[in-house]
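In the order they appear, the protein sequences are chains A and B.
Numbered per the UniProt record's numbering, the first sequence spans residues 1 to 209.
Numbered per the UniProt record's numbering, the second sequence spans residues 1 to 209.
These notes concern the structure reproduced below.
Protein chains: 2
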Amino acid sequence: MPRPRSLTRQGIAAAALAVIDRDGLDALTMRTAARELGVATMSLYRYVADRDELEVLVIDHVVADLDLSVPDAGWRERLTVLAGRLRAASCAHRGVVPLLLRHRHTSPAALRWIEATLGVLTEAGFTGRRRVVAQRTLVAFVFGALQNEYYGPLAGAGTAAMAQLSIKDFPVLAATARQARELSPEEEFHDGLAAVLVGLERSGVEEPK
Amino acid sequence: MPRPRSLTRQGIAAAALAVIDRDGLDALTMRTAARELGVATMSLYRYVADRDELEVLVIDHVVADLDLSVPDAGWRERLTVLAGRLRAASCAHRGVVPLLLRHRHTSPAALRWIEATLGVLTEAGFTGRRRVVAQRTLVAFVFGALQNEYYGPLAGAGTAAMAQLSIKDFPVLAATARQARELSPEEEFHDGLAAVLVGLERSGVEEPK
DNA sequence: CGCGTAGGTGTACAACGTACATCTACGGTT
DNA sequence: AACCGTAGATGTACGTTGTACACCTACGCG
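What follows is the structure, encoded as structure tokens:
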């Protein structure tokens, strides 16, 4: 009845995302998000309960407009497409990766993505316990791979430091790190995912329930 | 030459871990860690550069005494054992999981674990690009699964909330969440890992380089 | 033309990481 | 046995963070 709201959760999410994209995740605070919107800090608390909810808002905004349709192809190809889109979205906003990892089971949009993968698995004949394992394994790999890219990128400073510092204590690791620099993140993700999907196809078929 | 050190990095790590085990990860601060040791807060900075280094110290302490020997068995079984030990260690100190995820490429002990898995892969005939993909995929799954357990446990409040709240918007997800509650974390991890390893075995054999 | 209600905000506080200056106690020299 | 330089230990203090709380304020309805 009184005084209409001047902000929207969408707008708040977009502003917070803008801060992250411009100045990095560490720069996101209640104050910087509010300043980006031109309002006082405490105003945000009329829209979100606390910082965690703001974070969920952000990743929801990033994942919200994911295309969840699947191509007319085999289930492995379908899942590859879905996973690729999620990865593309997170790569477009590198800073949100830690938030995505933490809130992936809270964000409605992320849950919609999981629901979509479950739909594909179900159509492919996965049911019961086997479907549970397949879905959790897929999620573990996809988000684990995102985390790999974020905290220990193959081509970046991560392997550079690794390849140099540890050549004596970690001979195989150092050699592998050197080879790894020739592998693009896309290739790594794609090949790894392919292996996981092959494994899911073969496994568990002899134990129906 | 003057005044010998009164603390050890080992002792500091143990104290910080004790705080985490007793009061949770959020309770770990420079002040609480120092109080646990009976020294002033700033004394810690004679041993670590900043909080990040303290965190690395903690996870190094947790992973340090992992048994890295492998049984006399096939490479898949060997990797299963290695992964299982890492998981067991992190389950014994639930609170360190986020630290382990963040610093897994920084902690020497964690790198030793990775080196061990690489050794197994190498003996199994993995080389070049195929070895890189296998190792990164394995790491992605293992740490992704830990994160699954930590942030969205199957049997805990995570699926409980999911199974209830989303029964209309996420039909498959809700059904799966209900089934998932009958699956122990150990089974989930073991079955998922088995699938990943099978996939790694099959994949990439026809592309030698 | 008020008036109540809910949105907006300013102030304030506890807790955090840590820079800095200072105190202190020991090993090596005499 | 006395001292002295050095590096460990510490107390204080500052900037930042999330957010509780009390206070204004502007609009839709009567």
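Here a beta-carbon is modelled for each residue, glycine too, at the ideal position from N, C-alpha and C.
Bear in mind the structure is a predicted one, so any value in this text is a computation, not a measurement.
Expressed to the nearest angstrom, what Euclidean distance is found between the alpha-carbon atoms of residue i and residue j?
i	j	result
Y45 (chain B)	P98 (chain B)	23 Å
G74 (chain B)	R178 (chain B)	35 Å
S166 (chain A)	E182 (chain B)	43 Å
P208 (chain B)	R85 (chain B)	Its pLDDT being 43, under 50, P208 (chain B) is placed unreliably in this model, and the coordinates cannot settle the point.
I20 (chain B)	V70 (chain A)	44 Å
T106 (chain B)	I114 (chain B)	11 Å
T119 (chain A)	T176 (chain B)	Note that residue 119 (chain A) is Gly in the sequence shown, not Thr. Taking the straight line from one Cα to the other gives about 11 Å.
D52 (chain A)	A83 (chain A)	25 Å
S43 (chain B)	H93 (chain A)	39 Å
H103 (chain A)	A110 (chain A)	8 Å
K168 (chain A)	R22 (chain A)	40 Å
residue 227 (chain B)	P108 (chain A)	Here chain B comprises residues numbered 1 to 209, so residue 227 (chain B) is not present and cannot be evaluated.
V139 (chain A)	P171 (chain A)	31 Å
R112 (chain A)	Q135 (chain A)	13 Å
D72 (chain B)	V81 (chain B)	11 Å
S203 (chain A)	H190 (chain B)	12 Å
L66 (chain A)	D50 (chain B)	39 Å
Sorted by chain position, which residues of the same chain lie with C-beta nearer than 8 Å to residue i's C-beta, five sequence neighbours on each side aside?
i	result
L146 (chain A)	R87, S90, V97, L100 and L101
I9 (chain B)	Checking the sequence shown, residue 9 (chain B) turns out to be Arg, not Ile. So the list reads Y47, V48 and L57, once near-sequence residues are dropped.
V39 (chain A)	S6 and L7
E201 (chain B)	R76
L17 (chain A)	V58, H61, V62, H93 and V96
Starting from the C-beta of residue i, find all residues in its chain whose C-beta is less than 7 Å away, skip the five residues before and the five after it, and write them out in chain order.
i	result
T41 (chain A)	M30, R31 and A34
G24 (chain B)	G95
Taking Cβ positions, are residue i and residue j nearer each other than 8 Å?
i	j	result
V133 (chain B)	G192 (chain A)	yes
G144 (chain A)	A195 (chain B)	no
R131 (chain B)	T122 (chain B)	yes
A13 (chain A)	H61 (chain A)	yes
F141 (chain A)	T127 (chain B)	no
L68 (chain B)	A116 (chain B)	yes
E36 (chain B)	A64 (chain B)	no
L197 (chain A)	L79 (chain A)	yes
Listing by chain order, which chain A residues have their CB less than 7 Å from the CB of residue i?
i	result
A140 (chain B)	F141, G144, A145, N148 and G192
S166 (chain B)	L111
L101 (chain B)	Q147
Please list the partners that residue i has in chain B, where partner means a Cβ-to-Cβ separation under 8 Å.
i	result
V172 (chain A)	E115, L118, G119 and T122
S203 (chain A)	D191, A194, A195 and V198
V176 (chain A)	Position check: residue 176 (chain A) holds Thr in this sequence, whereas Val was assumed. L118, R131, V132 and Q135, listed in chain order.
L183 (chain A)	R129, V132 and V133
Keeping to the same chain, check which residues put their C-beta closer than 6 Å to that of residue i; ignore five residues upstream and five downstream.
i	result
P185 (chain A)	E149
G11 (chain A)	none
What residues of chain A sit near residue i, judged by a beta carbon separation below 8 Å?
i	result
T80 (chain B)	Correct list: empty, because the minimum Cβ distance to chain A is about 13 Å.
Along chain B, in chain order, which residues have C-beta atoms closer than 7 Å to that of residue i?
i	result
G128 (chain A)	Q179
E188 (chain A)	V133 and R136
Under 9 Å between beta-carbons, which chain B residues line up against residue i? List them in chain order, please.
i	result
G84 (chain A)	The contacting residues do not exist; G84 (chain A) stays about 15 Å from chain B at best.
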